[in-house]
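2 protein chains.
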Amino acid sequence: MTLSRREVLKLLGAGGTATLATDLLDASAPPEHVPPLQSDVVVVGAGFAGMIAARSLLRAGKKVIVLEARDRVGGRIKAGKIAGQTVDVGGMWVGPTQTRLLDLIKEYGLHTTPQYMAGKNVEQLAGRRWLAEGEDVAMDPPEQKEFDGVFAELDRLSAEIPLDAPWTAPRAEEFDRMTAEDWLVANTKLESVRSFLRAGLRDIYQAETYQMSFLYLLFYIRSGDTMETLFGEKDAAQAFRVVEGLHGVAGKLASELGSAILLETPVRAIAQGPKGVTVHSDKQQWFADHCVVAVPLPLSVRIAYDPPLSPERDALAQHMPMGSVIKWYVAYEKPFWRERGWNGMTNSALPPIAVSFDATPAEGKPGLLAGFIDSPWSLRWTSRPVSDRKKLVVDHLVDLFGPDAAHPIDYEDQNWPAEVWSRGCYGAYMGPGVMTTVGKSIREPQGRVYWAGTETSTKWMGYVEGAIRSGERAAAEVLARYKG
Amino acid sequence: MTLSRREVLKLLGAGGTATLATDLLDASAPPEHVPPLQSDVVVVGAGFAGMIAARSLLRAGKKVIVLEARDRVGGRIKAGKIAGQTVDVGGMWVGPTQTRLLDLIKEYGLHTTPQYMAGKNVEQLAGRRWLAEGEDVAMDPPEQKEFDGVFAELDRLSAEIPLDAPWTAPRAEEFDRMTAEDWLVANTKLESVRSFLRAGLRDIYQAETYQMSFLYLLFYIRSGDTMETLFGEKDAAQAFRVVEGLHGVAGKLASELGSAILLETPVRAIAQGPKGVTVHSDKQQWFADHCVVAVPLPLSVRIAYDPPLSPERDALAQHMPMGSVIKWYVAYEKPFWRERGWNGMTNSALPPIAVSFDATPAEGKPGLLAGFIDSPWSLRWTSRPVSDRKKLVVDHLVDLFGPDAAHPIDYEDQNWPAEVWSRGCYGAYMGPGVMTTVGKSIREPQGRVYWAGTETSTKWMGYVEGAIRSGERAAAEVLARYKG
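Chains A and B are the protein sequences, given in the same order. Positions in the first sequence are counted from 1; adding 33 to them yields this note's numbering. Positions in the second sequence are counted from 1; adding 33 to them yields this note's numbering.
#1: Which residues of chain A have a Cβ atom closer than 7 Å to the Cβ of B/Pro441, listed in chain order?
#2: With distances taken Cα to Cα, identify the nearest neighbour of A/Asp173 among A/Leu196, A/Glu224, A/Thr212 and A/Thr146.
#3: To the nearest angstrom, how far is it from the Cα of B/Glu266 to the Cα of A/Ser246?
#4: Is the distance from the Cβ of A/Ala87 to the Cβ of A/Leu290 below 8 Å?
#5: Please list the segments of the alpha helix (DSSP H) lying wholly inside the region 212-238 of chain A, counting only runs of 4 or more residues, in order along the chain.
#6: Considering only the beta carbon of each residue, do A/Ser474 and A/Leu349 sit closer than 8 Å?
#7: On the criterion of 16 or more Cβ atoms from any shown chain inside 10 Å, does A/Lys360 qualify as buried, or is it exposed?
#8: For B/Ser246, write down the residues that DSSP places opposite it in a beta bridge.
#9: Whose C-beta lies closer than 6 Å to the C-beta of B/Phe405 among residues of the same chain, with five residues either side of it excluded?
#10: Which bits of chain A does B/Tyr253 rub up against, with CB to CB less than 8 Å?
#11: Any chance you could list the beta strand (DSSP E) runs of at least 3 consecutive residues sitting entirely within the region 100-172 of chain A, in chain order?
#12: Cβ atoms of B/Leu143 and B/Gly275: under 8 Å apart, would you say?
#13: Which residues does DSSP pair with B/Met355 in a beta bridge?
#14: Looking at B/His323 and B/Arg514, is the spacing between their C-beta atoms short of 8 Å?
#15: Please confirm whether B/Ser455 and B/Gly108 have their CB atoms less than 8 Å apart.
#16: Using a beta-carbon distance cut-off of less than 8 Å, what residues from the region 326-357 of chain B approach chain A?
#17: So which residues of chain A does B/Pro409 contact, with C-beta pairs closer than 7 Å?
#18: Going along chain B, which residues have a C-beta under 7 Å from A/Glu224?
#19: By how many angstroms is the C-alpha of B/Leu433 removed from the C-alpha of B/Lys153?
#20: Does any C-beta atom of chain A lie closer than 8 Å to the C-beta of B/Glu140?
#21: Could you tell me whether any Cβ in chain B is nearer than 8 Å to the Cβ of A/Pro450?
#22: A/Gln317 by DSSP, collapsed to three states: which one?
#23: Give the DSSP-derived three-state secondary structure of B/Lys360 in the structure shown.
#24: Out of B/Glu176, B/Gln157 and B/Met150, state which residue places its alpha-carbon closest to the alpha-carbon of B/Glu166.
#25: In chain B, which residues lie less than 8 Å from A/Arg210 when you measure between Cβ atoms?
#26: So what does DSSP say about A/Leu512, is it helix, strand or coil?
#27: Using a Cβ-Cβ distance cut-off of 8 Å, determine whether A/Ser228 contacts chain B.
#28: Counting only Cβ-Cβ distances shorter than 8 Å, please list the residues of the region 367-387 of chain A near chain B, keeping chain order.
#29: Can you tell me whether DSSP reads A/Thr379 as helix, strand or coil?
#30: Please go through the region 398-445 of chain A and give each complete alpha helix (DSSP H) segment of 4 or more residues, from N-terminal end onward.
#31: Given that B/Leu90 touches chain A, what residues does it touch there, using C-beta distances under 9 Å?
#32: Going by the beta-carbon positions, is the gap between B/Trp126 and B/Ala270 smaller than 8 Å?
#33: Might you give, ordered along the chain, the residues of its own chain that have their beta carbon closer than 6 Å to the beta carbon of A/Gly123, omitting 5 neighbours on each side?
#34: Hey, is A/Thr415's beta-carbon within less than 8 Å of any beta-carbon in chain B?
#35: I'd like to know if B/Arg301 contacts chain A, where contact means its C-beta is closer than 8 Å to some C-beta of that chain.
#36: Have a look at B/Val75 and B/Val99 and give me their C-alpha separation to the nearest angstrom.
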């Protein structure tokens with residue numbers, strides 16, 4: 034079942050190394066084997082959720098086909114190239130409590146490396162700029178006090194949220210009628226603290242505080258442990274990068290699944306009856322006992338279901354838009370910021386770019402800075418030429434790092450709202466009034482159709498860790514059907 | 034091109050009269066003619082928007098095919114039956130400034146009748162209940178003063194919104210960062226006024242004040258003239274019913290379009306190139322110069338586009354969920370409320386049912402009351418048995434009308450969230466941060482693909498009037514391409 038190096042590279046899409054670029058052009062070549070028409074389970078989507086579901090099912094002895102719309106695996110994890118380096122242009126970090134992902138990295142013999150944090154970061158509020166140490170923000174004492182108070186209160190409230198049923202939380206109805214912004218305004222006094230928190234929440238969510246349900250924010254925080262683990266680098270969600278890239282982990286998964294994965298096979302319809310499911314793509318049909326749909330939640334309703342989905346599940350997908358973000362990389366001859374004792378990290382309360390960080394490879398050059406054009410600005414910039422976005426980003430870096438930042442040797446960005454099979458990143462979110470009306474439908478199987486994808490996870494929802502856990506859960510649900 | 038009576042009834046789905054119910058069963062019969070594979074324009078959707086677009090194009094000499102997924106025409110206008118009466122279980126009213134719809138009714142020789150309002154209506158707030166005259170609410174003077182002030186201020190603010198580009202309004206950014214609820218809380222003092230307004234806005238929108246962008250609310254108000262025209266009956270959006278039903282108007286349109294309409298033909302994909310469009314259904318393909326997509330906006334992205342839609346148009350659809358509502362009818366031997374000088378109208382600030390009204394036919398019996406299980410309660414009740422919903426509604430009516438309401442002779446409801454080709458009603462809405470980021474894409478053609486549907490209208494958006502205007506606009510845009 035293992036694939037040749039060439040086949041793996043094809044599955045990977047953007048390839049594993051710089052020297053094999055010709056393989057990438059080959060992605061649309063027809064499959065070299067005839068896919069079986071009948072399997073036990075069809076998995077829709079070869080992101081982490083789908084591949085983990087398929088792996089779990091294969092390891093339990095089931096026949097599995099994974100149908101992937103794109104010409105690559107990985108979903109919102111994707112390889113890109115800048116200045117000859119292969120980098121993660123989607124998800125890239127792993128934190129110490131993301132145990133399933135850490136296990137997977139270890140199992141496949143891959144390696145983590147701490148996010149570079151040695152030195153000073155640049156902090157910016159409207160009209161003020163200062164340097165701070167490591168992940169410290171070093172606000173003024175009254176600001177810091179209010180900031181810490183908000184963190185503590187959000188942690189306290191989120192600790193009350195039952196992760197498997199947030200709609201039953203003690204104050205669920207009340208909190209679901211509010212936006213995160215409503216809560217923020219009612220619980221802070223200093224505009225500087227508010228704007229810092231808005232930028233921070235925007236950056237972990239890629240939606241605005243006035244778009245998120247406060248109940249959903251609390252669920253999100255608890256799902257990722259605490260505010261500190263979500264926002265921090267050290268001992269937190271942004272603690273480590275994968276030396277071989279998170280796309281490298283995706284590649285290993287794809288390699289293990291081998292010919293079970295069919296690329297460029299968008300699923301258009303899923304029909305089910307008493308005997309099984311029929312999954313329709315543009316090319317052909319597959320027959321199976323069960324189906325696991327592991328695509329971004331809002332896109333799950335772009336597949337036609339027969340019989341139709343429940344009204345609740347359909348309404349849920351309608352009410353869960355994707356966050357929006359463009360991830361950028363800028364390359365310099367060397368990481369010039371390190372020479373002055375800076376770590377490349379910036380936190381700005383001024384949109385459209387809240388953060389940057391050092392993504393320089395282990396060899397120490399080229400110097401790479403990466404960051405995000407944040408929602409909603411990503412939507413305003415998504416259709417502009419790359420050269421415009423390059424200017425936006427480089428001007429921003431010159432503003433924060435000075436003239437040294439003015440002469441990059443390369444620029445690349447990943448325009449997630451334009452990527453047809455993601456249509457946004459990082460994940461989908463809920464506005465007010467969604468969780469308490471149709472939230473319960475999020476993992477409920479629809480007959481023989483089961484749901485995976487990071488949005489359906491209770492733990493580390495929105496992260497690769499959540500995707501992995503969702504794939505494991507969906508596989509377990511399907512396997513239980515065979516035992517039942 | 035005109036159809037037989039039998040064919041018209043088939044197009045109508047639920048039929049025009051009570052005596053021809055057998056025709057209704059025939060809706061899934063195969064078409065009796067072979068549809069042409071080539072036309073000038075393919076219209077997707079045979080609601081008012083699609084049928085008007087098709088009619089305009091046909092009258093301009095173009096060859097047109099209308100592809101409709103359902104086994105009936107009319108979209109969110111639909112005929113239903115209760116106690117032997119054929120009624121509108123979707124949109125039903127027409128107002129004096131809805132000039133295109135009035136023209137259409139006149140053109141087809143159909144008739145309007147005033148909404149019954151003679152007598153007293155029941156008003157209810159938590160802990161208080163009183164009778165008022167006609168459409169008067171008769172609150173306490175301090176309440177009435179604040180209520181009137183809110184109406185006036187909303188009218189004043191909405192008058193500043195440019196209907197064709199609300200994202201350019203003077204305070205667009207500020208208002209789009211707020212929910213309607215945020216504005217309401219900041220601009221009212223009395224909880225009674227707030228709850229009345231929440232119920233009222235819920236009832237015209239079928240979404241919650243905490244879910245709507247305040248900018249979108251202002252656009253909506255201006256689109257429907259003023260708060261008074263939206264909320265009122267006399268001289269307002271709810272002034273008249275159509276004697277033959279709004280579904281009767283849809284039937285006339287379908288009759289005029291005749292064999293141009295193909296039922297039970299869901300469109301799955303639209304591909305376009307330099308020479309034209311190819312529209313794919315499950316059955317076959319159609320070729321045309323242009324395509325008009327006239328389906329509810331959130332459902333427009335369930336069609337696969339090649340090339341893909343712009344990121345902005347896709348994000349717009351992701352961020353515009355449908356409102357949710359279940360419309361109910363309860364039939365009694367006679368309109369018992371009239372005998373006591375009541376008009377059947379109720380306004381309650383207590384969910385889940387904000388309003389009821391008299392829908393008794395001209396003959397004076399059976400007595401019909403109609404109303405809505407409002408969003409978000411419609412989502413909570415959508416999958417419950419009809420018998421449960423009947424109990425909910427009848428209990429509500431008994432509470433407001435007394436024991437006379439306890440013995441209905443019939444109950445029917447239209448469960449819009451469960452209707453697969455609508456997935457909600459009345460219309461789609463925008464939460465905060467949508468209008469000012471991707472709102473501009475709402476009518477922008479995507480190459481040869483044009484957009485119709487009430488959500489794309491600037492005037493009477495969300496109403497049949499808006500649907501008609503959107504169809505006319507889309508047809509004009511397509512015709513301009515032939516002239517250019």
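We put the beta carbon where it would ideally sit given N, CA and C, even for glycine.
In short:
#1: Within the second sequence, numbered from 1, the residue matching residue 441 of chain B stands at position 408. Per Cβ cutoff of 7 Å: no residues; B/Pro441 is ~25 Å from chain A at best.
#2: Against the first sequence, residue 173 of chain A aligns to sequence position 140. Selected option, being the one with the closest Cα: A/Glu224.
#3: Translated into the one-based positions of the second sequence, residue 266 of chain B becomes position 233. Translated into the one-based positions of the first sequence, residue 246 of chain A becomes position 213. Spanning the two alpha carbons is a distance of roughly 35 Å.
#4: What you label residue 87 of chain A is simply residue 54 of the first sequence in a count that begins at 1. What you label residue 290 of chain A is simply residue 257 of the first sequence in a count that begins at 1. Yes. Within cutoff.
#5: Within the region 212-238 of chain A, the complete alpha helix (DSSP H) runs of at least 4 residues are 213-220 and 224-238.
#6: Start at 1 with the first residue of the first sequence, and residue 474 of chain A comes out as number 441. Start at 1 with the first residue of the first sequence, and residue 349 of chain A comes out as number 316. In contact: A/Ser474 and A/Leu349 (Cβ atoms closer than 8 Å).
#7: Translated into the one-based positions of the first sequence, residue 360 of chain A becomes position 327. A/Lys360 should be labelled buried.
#8: To locate residue 246 of chain B, count along the second sequence from 1; it is residue 213. Partner(s): B/Thr212.
#9: Counting from 1 along the second sequence, the entry for residue 405 of chain B is found at position 372. Counting only Cβ-Cβ distances below 6 Å, and skipping sequence neighbours, we find Val358 and Lys360.
#10: Position 220 of the second sequence, counting from 1, holds the residue named residue 253 of chain B. None at all; the shortest Cβ gap to chain A is about 17 Å.
#11: 112-115, 118-121, 145-147, 153-158 and 161-166
#12: Residue 275 of chain B sits at position 242 when you count from the first residue of the second sequence. Residue 143 of chain B sits at position 110 when you count from the first residue of the second sequence. In the sequence under discussion, the amino acid at residue 275 of chain B is Val, which differs from the Gly named in the question. Less than 8 Å separates the beta-carbon of B/Val275 from that of B/Leu143.
#13: As a position in the second sequence, residue 355 of chain B is number 322, starting the count at 1. Beta-bridge pairing links B/Met355 to B/Ala461.
#14: To locate residue 514 of chain B, count along the second sequence from 1; it is residue 481. To locate residue 323 of chain B, count along the second sequence from 1; it is residue 290. In this structure, B/Arg514 lies near B/His323, with their beta-carbon atoms less than 8 Å apart.
#15: Locating residue 455 of chain B in the second sequence gives position 422, counting from the first residue. Locating residue 108 of chain B in the second sequence gives position 75, counting from the first residue. Yes; because the gap between Cβ atoms is below 8 Å, this pair is in contact.
#16: Pro331, Val334, Arg335, Ala337, Pro341, Ser343, Pro344, Glu345, Asp347, Ala348, Gln351, His352, Pro354, Met355 and Ser357
#17: Sequence index remark: in the second sequence, residue 409 of chain B carries index 376 (1-based). Simply Gly466 and Thr470.
#18: For the purposes of this step, residue 224 of chain A is taken as the residue at position 191 of the first sequence. The premise fails here: A/Glu224 is roughly 14 Å from chain B at the closest Cβ pair, so nothing lies under 7 Å.
#19: Residue numbering aside, residue 153 of chain B sits at position 120 when the second sequence is read from its first letter. Residue numbering aside, residue 433 of chain B sits at position 400 when the second sequence is read from its first letter. Between the alpha carbons of B/Lys153 and B/Leu433 lies a gap of roughly 13 Å.
#20: As a working mapping, residue 140 of chain B is identified with position 107 in the second sequence. By the rule that beta-carbons nearer than 8 Å mark a contact, B/Glu140 does not touch chain A.
#21: As a position in the first sequence, residue 450 of chain A is number 417, starting the count at 1. Yes, A/Pro450 lies at the interface with chain B (some Cβ there is under 8 Å from its Cβ).
#22: Sequence index remark: in the first sequence, residue 317 of chain A carries index 284 (1-based). Coil at A/Gln317, not helix or strand.
#23: Taking the first residue of the second sequence as position 1, residue 360 of chain B is located at position 327. Of the three classes helix, strand and coil, the one that applies to B/Lys360 here is strand, per DSSP.
#24: Numbered from its first residue, the second sequence carries residue 166 of chain B at position 133. With distances taken between Cα atoms, B/Glu166 lies closest to B/Met150.
#25: Counting from 1 along the first sequence, the entry for residue 210 of chain A is found at position 177. Under the 8 Å cutoff, chain B gives Glu214, Glu241 and Tyr243.
#26: Taking the first sequence and counting its residues from 1, the one referred to as residue 512 of chain A is at position 479. The answer is helix: DSSP assigns A/Leu512 an H, G or I state.
#27: The count along the first sequence starts at 1 and reaches residue 228 of chain A at position 195. No, A/Ser228 lies away from the interface with chain B (no Cβ there is under 8 Å from its Cβ).
#28: none
#29: Reading the first sequence from its first residue, position 346 is the one you call residue 379 of chain A. Strand.
#30: 410-414 and 419-434
#31: Translated into positions along the second sequence, residue 90 of chain B becomes position 57. Residues of chain A passing the Cβ test: none, with the nearest at roughly 28 Å.
#32: Here residue 126 of chain B corresponds to residue number 93 of the second sequence, with the count starting at 1. Here residue 270 of chain B corresponds to residue number 237 of the second sequence, with the count starting at 1. B/Ala270 is positioned such that its CB atom lies closer than 8 Å to that of B/Trp126.
#33: Looking up residue 123 of chain A in the first sequence gives position 90. Within the same chain, A/Gly123 has close Cβ partners Arg109, Ile110 and Lys111.
#34: Along the first sequence, one-based indexing puts residue 415 of chain A at 382. Closer than 8 Å: yes.
#35: Start at 1 with the first residue of the second sequence, and residue 301 of chain B comes out as number 268. At least one chain A Cβ lies under 8 Å of B/Arg301.
#36: Looking up residue 75 of chain B in the second sequence gives position 42. Looking up residue 99 of chain B in the second sequence gives position 66. Those two C-alpha atoms are separated by around 6 Å.
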